[in-house]
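Visitor: The sequence shown maps to residues 10 to 127 in the numbering used here.
What follows is a single structure, and I will ask about it in a moment.
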Amino acid sequence: MDEFSEGLRPTDRSLPIANISKIMKKPIPKEAKVAKDAKEIMQKSAGEFIAIITCRAKEICESEARKTVTGEDLIRAMDELDMPYYAELARKYYIQYRELAKNERVRKYSRGFDYGKQ
10 MDEFSEGLRP TDRSLPIANI SKIMKKPIPK EAKVAKDAKE IMQKSAGEFI
60 AIITCRAKEI CESEARKTVT GEDLIRAMDE LDMPYYAELA RKYYIQYREL
110 AKNERVRKYS RGFDYGKQ
């Protein structure tokens, strides 16, 4: 049993096949189909991709005496695993995510409290 699979059932690392199917069908013509085995291969590959990157991110955290894996750790793991394309995509998404979260916090706390007004 490898380091990634310790204590996990095979289904624990699988993304829902319906989600995989939706993602795979999006870029292809409507009349095209995706074979069941293709979906299953992609399902296993996606789970393995997540496990490999997360394992490297965990090692980064341990080397810095931290316990929490962050988005930055995942991006750094992709860089260190020689996945610059994915690291750059994740970096762009992460910047957008943080900006949206920041804007939501500002919006949430700047509304003020209008007790008694309707």
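Glycine is no exception: its CB is placed at the ideal position from the N, C-alpha and C atoms.
The structure presented is a predicted model; accordingly, all values stated were derived computationally and were not measured.
How about Lys53 and Ser72: are their beta carbons less than 9 Å apart?
Guide: For Lys53 and Ser72, no; Cβs fall outside 9 Å.
Visitor: Would you decide whether Leu98 is buried or exposed? Buried here means 16 or more other CB atoms lie within 10 Å of its CB.
Guide: exposed
Visitor: From Glu89, Met33, Ala110, pick the residue whose C-alpha is nearest to that of Lys42; which is it?
Guide: Met33
Visitor: Heavy atom of the ligand GDP less than 8 Å from the Cβ of Ile32, yes or no?
Guide: This structure does not include the ligand GDP; it has no bound ligands of any sort.
Visitor: Does the Cβ-Cβ distance between Ile69 and Ala86 come in under 9 Å?
Guide: yes
Visitor: Helix, strand or coil: how does DSSP classify Asp88 here?
Guide: Here Asp88 sits in helix by DSSP.
Visitor: Do you know how far the Cα of Lys35 is from the Cα of Thr63?
Guide: 27 Å
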